[in-house]
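K.L.:
Dumping the structure here so I can ask a few things about it.
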Amino acid sequence: MQTMKMTRRSMLAGSLMAGAALAAFQPGLALAQAAAPAGDIYPFPTHIRDLPNGLRVIVVETGFPDIVSLQIPVSVGSRNEVEPGKSGFAHFFEHMMFRGTKTLSGPEYNATLKSMGADSNAYTSDDRTNYHMTINKEDLETALRIEADRFQNLDYSEPDFRTEALAVLGEYNKNVANPISKLFEVQRNAAFTTHTYKHTTMGFIADIEAMPDQFDYSRQFFDRYYRPAYTTIIIAGDVQPDAAFALVEKYWSDWKAGPELPPVPAEPAPNGPLYAHVPWDSETLSWVSVAFRGPGAYPTATNPAAGDMQALDVLSAYAFSPSSPLYQRLVVTEQKLQALAGYFPDSLDPGLIGVLAQVKDKADIPYVREAIQQELATMRTTPADPARLAAIRSSLKYGFAAGLDNTESVADAIVPVVAATRDPGTLNAVYRAYDAITPDDILRVANTYFTDKGMIVTTLAHGDLPEGGDAKGSVDAKVGSAAAAPVAALAAPAAIASRPVLEPSARQSFRELIEPSASPLIDVSLSFRTGSVDDPEGKEGLAALTAQMVTGAGSKALTYAQIQQALFPMAAGFGAIVDKEMTTFSGTVHRDNLDGWYDVVMGQLLEPGFREEDFSRIKAATVSGIRVALRGNNDEELGNEVLYEHLYAEHPYGHLSTGHAAAVEALTLDDVRAFHEAHYTQAALTVGVAGAPGEGFLNRLRGDLGAHLPDGRAASRQIAAAARPSGLKVTLVQKDSRAAAISMGFPIEVKRGHPDFVALYLARAYLGEHRSSSSYLYQRMREIRGMNYGDYAYTEYFPAGMYLTAPPANVARSQQAFRIWVRPVPLEQTHFAIRIAKYELDKLVQGGMSEADFEATKSFLVKSTGLLTARQGVHLGYSLDQAFYGLGTFTAYIRDGLATLTRQQVNDAIARHLKGDDMAIVVVTPNAEALKTALVDDVASPITYVSEKPAEILEEDKVIAVYPLDLDADDVRIVPVAEVFEKDLFG
């Protein structure tokens, strides 16, 4: 379960042409949309029906075949936690909704989801809790039946309740390693005195720690809030409306109406300015937030500030987006900031809106705060440029269109407004409001909301603040004074010269992968067979830095600021993923803007500017990403990447793809130029294009690449297999933290195309399918024992798993590793967690999978594999990965392998490849010395619980508590976190 999905709209838009643009997804959609009201941004046929009990049902015909998205928003979030001591309960109860009913236990519910191959999860925000699953259309009745059962008949024991409370604490522990999470927690607590927005969705830590004792209250919470009048069912996809309504009536019509909800206390008028500070114990970049009391978000008759939030959204883009003068000044030119962004989340009641700045040098905190407040004062006194407002409308329009390329996104787009107003038409009202925003509206809302009375300034820093760092500053004082003069305005947008159209050359040697579709979106990927394996010794990180100097810098013709201005109205970009053997440049653009986008980004790739000011900015950001974002603020990914460096010591994969910090600092612009020339060649390139760009565009692309890229030679490298560790080898990363992050694994010889790949793919899904509550490790460690937030297993490289729900594309490797990821556990359970993970792996190797588990997992993968590639851009990425391995489409490859796979083949593959006796283990912990002593001395590590457990679990715990690891002192190494990723630790 997720604590939040998007508190900010992921898609904003104007409505000038969205209906016509989106109609091109499916031929039949244009006819259905022809009668839609002019100006509607949401073009899909939408049907609404209310049941007598108050349940609202919305059916959306998306035109995408075979797939259905079921979304069930409940209009309850942390805003509704009105009783003292009950903060975080809406989120906690989201967890409890997966614990089963009298007729369908939690494991049986998960087994049913698995049989459908469902992609299922939930999230909670301030104002809503949303339960969502994506399924094949033939499983809609089953999905509605089991959801109706748990919404009406939820049943759980007190021991299960207490166990889940520990999982919620584990979620808090993993989140609190992120400085922004803590900043929001402190900021909101200081900004509100009465309203429940005072606490975040997770809740106050004291309330979270007290949750195990709130069993009786949990029943009251369910009885009060989980009622039809506060719930909406959204069914979107390949569905017949009448049949869908009939299924809902069949399973949901007996649900009883409930009591009226208790009122949410109103917040008194603000009495600022206020100031709050968050001291951070470990090394991190500093943060400055300047926030204000904002309006309720939705343009409804009951909102006295209707329309203000839409004007503020436009203002946010105007003043703080990458195309804004302030961003260009502080981030690009002066390089004071790593990041600058407006944070204007939608909220049902007046919440906080503001600006976030990540400061490179904390000495600049006062300067940055003053610059932000000066820009806000300018927005109160200087009318907005109509041309820039038009560019923002264009960006919003195309950003919305880019988000509706699959059924799940179409359904998800209306969830926030439906949870708030129960009316999907509110979405159209929001975007009609965007279309109507004028410069006068911007002035009005700036003067209404950006006042000192409503302001709270919050800082976060490691160590002492500089002089003036704890000052509140003032917006009011800058209004009407010389200080309120506008900051340097943006230069007029540069004229983008069209690139010459060159005929395709006979010398073309790159490969092509073209995937036609009717979508108005065009996905373009340029994948080079080069990556961090080509970093010269002592220049670790050169491949990654070179790619960033293409996508994050100027071309010969355009500065980076001009590029950002040019791409902003298109809502398009150009990014890069750099891994060991692949560097992939990609972008998505609406076909209306394809030629203009191409003229900009091809200049970046083929004729990069390589300016010193871009280089210094990008290099500093890369070093900060290693030392701060990864090493300082992400314990889980830190542990995962240290594990990979351990496994690949003295191997071409032996360093972080981003590089080692000291090596990156020593890189020069000449190094980047040389790498670009040597490795971005036709022989190394596969071009992927999806959509309907037309043959003219494809020929233009062929001509450009053939003329500008050197021929090069096809990569002939053979990456040797990495040696397994001899026995268990443990690395303890000494770092202050509330919990211990654990990763363990070993190299395997199996990659896609290997005879055992599909067998291990199935074994992995059974043992630890990513973000799946039905997988074995998740059940044993989290569901039964409540140790943490989740536990997963992998047979391919899977970075950034805490942010992703599905395996990413463009990280194909010729060598792979098996990995178990144990999400942060309480410090006192660290030793037990290591033991249970190895114990369960050893059990699997020794006993194999049962026939029932094999068949259930096989059925799950047959259905779920197609869901992975439902999005056009993702499908293209997976296809490029398959081309790396010399294979056909991913879905066919997996399904064909599953069709003939037997349980015996899977168990044989497990026995051959997954023995855990020779394995590396990495733990990020503040208690490294004590843990080393316990590991080496092989002391017992019993686990204690806050609830009763079955006798068989307690007996098993006794075995696990003394499960032998056979470690000597030389097998356990302690590394201070400050040494990690500075240089080679394992060579």
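Under my numbering, the residue at position 881 of the sequence shown is numbered 949, and the numbers go up by one with no gaps.
Each residue gets a CB set at the ideal place from its N, CA and C atoms; glycine is no exception.
1. Evaluate contact between the segment 436 to 450 and the segment 279 to 297, counting only Cβ atoms and requiring at least three cross-stretch pairs below 8 Å.
2. Helix, strand or coil: which one does DSSP assign to Leu84?
3. For Tyr343, which residues from the same chain have a beta carbon less than 6 Å from its beta carbon, with the 5 sequence-adjacent residues on both sides left out?
4. Quick test of the definition: if touching needs 3 or more C-beta pairs under 8 Å, does the segment 603 to 612 touch the segment 961 to 970?
5. Just to confirm, are Tyr177 and Phe161 a CB contact at a threshold of 8 Å?
6. Which residues does DSSP list as the beta-bridge partners of Tyr343?
7. At which residue ranges does the segment 287 to 329 contain complete alpha helix (DSSP H) runs of 4 or more residues, listed in the order of the chain?
8. Can you give me the start and stop residues for the alpha helix (DSSP H) that Glu402 sits inside?
9. Closer than 8 Å, CB to CB, is Leu594 near chain B or not?
10. Going straight from the alpha carbon of Gln403 to that of Arg685, what length do you get?
11. DSSP three-state label for Trp665, please.
12. From Lys242, Thr799, Val826 and Asp1025, pick the residue whose C-alpha is nearest to that of Glu908; which is it?
13. Just to confirm the assignment, what range does the alpha helix (DSSP H) spanning Phe157 have?
14. Tell me, which residues are paired with Pro451 by DSSP?
15. Following the continuous alpha helix (DSSP H) through His943, name the residue where it begins and the one where it ends.
16. Quick one: which unbroken alpha helix (DSSP H) runs of 4-plus residues sit fully inside the segment 402 to 449? Chain order, please.
17. Per the contact definition of three or more C-beta pairs closer than 8 Å, is the segment 133 to 147 in contact with the segment 296 to 303?
18. Could you give the residue range of the alpha helix (DSSP H) that holds Glu176?
19. Determine the extent of the alpha helix (DSSP H) in which Thr933 is found, giving its start and end residues.
20. According to DSSP, what are the bridge partners of Trp889?
21. Does the Cβ of Thr970 have 16 or more other Cβ atoms within 10 Å, making it buried, or fewer, making it exposed?
22. From the DSSP secondary-structure annotation, give me the bridge partner or partners of Tyr199.
23. Which residue comes first and which comes last in the beta strand (DSSP E) that contains Gln396?
24. Between Pro1044 and Pro1032, what straight-line distance do the alpha-carbon atoms span, to the nearest angstrom?
25. Give, in chain order, every unbroken run of the beta strand (DSSP E) that is at least 3 residues long and sits entirely within the segment 714 to 802.
26. Tyr191: which of Met164, Lys182, Ala211 and Ile214 sits nearest, CA to CA?
27. Name the two residues that bound the continuous beta strand (DSSP E) containing His658.
28. Ignore the nearest five residues each way along the sequence and tell me which others in Ala445's own chain have a CB closer than 6 Å to its CB.
29. Please identify the residue among His776, Leu635 and Ser654 whose C-alpha is closest to the C-alpha of Ala644.
30. So if DSSP puts Phe993 in a beta bridge, which residue, or which two residues, is it bridged to?
31. When you compare only the Cα positions, how much space is there between Ile203 and Ala179?
32. What does a CB cutoff of less than 6 Å around Thr1001 pick up in its chain, not counting 5 residues either side in sequence?
33. Distance, Cα to Cα, Pro1060 vs Arg741?
34. Using CA coordinates, which residue listed in Leu511, Ala481, Thr494 and Pro418 is at the minimum distance from Asp1067?
35. Going by beta-carbon coordinates alone, are Thr368 and Thr494 separated by less than 8 Å?
36. Excluding sequence positions up to five away, which residues of its chain have a Cβ less than 8 Å from the Cβ of Leu380?
P.N.:
From the atom records:
1. With a cut-off of 8 Å, the segment 279 to 297 and the segment 436 to 450 do not count as touching, because too few Cβ pairs lie within range.
2. At Leu84, the pLDDT of 26 sits below 50, so the modelled position is not reliable; the number obtained from the coordinates is stated separately. In this structure, Leu84 counts as coil in the three-state DSSP scheme.
3. So the qualifying residues of the chain are Val525 and Lys540.
4. The segment 603 to 612, when compared against the segment 961 to 970, does not touch it at the 8 Å Cβ threshold.
5. No, they are not a contact pair.
6. DSSP lists Val525 as partners of Tyr343.
7. For the segment 287 to 329, the full-length alpha helix (DSSP H) segments reaching 4 residues or more read 309 to 320 along the chain.
8. Note, Glu402: premise wrong, no alpha helix (DSSP H); not H, not E.
9. In the displayed structure, chain B is absent; only one protein chain is listed.
10. Inter-residue distance for Gln403 and Arg685 is about 7 Å (C-alpha atoms, whole angstroms).
11. In the structure shown, Trp665 sits in a helix (DSSP, three-state: H, G or I).
12. When each option's Cα is compared against that of Glu908, the closest is Asp1025.
13. Its alpha helix (DSSP H) spans residues Phe157 to Met164.
14. Paired residues: none, contrary to the question.
15. Gln940 to Tyr953 is the extent of the alpha helix (DSSP H) around His943.
16. You should have 433 to 449.
17. Touching, yes, given that three or more Cβ pairs across the two stretches are closer than 8 Å.
18. Segment Gly174 to Met184, the alpha helix (DSSP H) holding Glu176.
19. Annotation for Thr933: the continuous alpha helix (DSSP H) segment containing it runs Glu919 to Leu936.
20. Answer is Ser811 and Tyr860, bridged to Trp889.
21. With a 10 Å radius around the Cβ and a threshold of 16 neighbouring Cβ atoms, Thr970 comes out exposed.
22. Ile140 and Ala190, per the DSSP bridge assignment.
23. First-last for Gln396: undefined, no H or E at that position.
24. If I take the Cα positions, the gap works out to 27 Å.
25. Here the runs fully enclosed are 753 to 759 and 796 to 802.
26. When only C-alpha atoms are compared, the closest one is Met164.
27. For His658, the uninterrupted beta strand (DSSP E) segment begins and ends at Thr651 to His658.
28. Within the same chain, Ala445 has close Cβ partners Val543, Lys546, Val547 and Ala552.
29. Ranking His776, Leu635 and Ser654 by CA distance to the CA of Ala644 puts Ser654 first.
30. Looking at the sequence shown, residue 993 is not Phe but Thr. Beta-bridge pairing links Thr993 to Gln802.
31. Computed Cα separation, rounded: 14 Å.
32. Beyond the five residues adjoining it in sequence on each side, Thr1001 comes within less than 6 Å, by CB distance, of no other residue in the same chain.
33. Past the boundaries of the shown model lies residue 1060; the chain is included only from 69 to 1055, so the question cannot be answered.
34. A query on residue 1067 cannot be resolved here, the shown segment of the chain reaching from 69 to 1055 and no further.
35. Here Thr368 is near Thr494, since their CB atoms are less than 8 Å apart.
36. Answer for Leu380: Gly362, Pro363, Phe412, Ile421, Val513 and Tyr517, listed in chain order.
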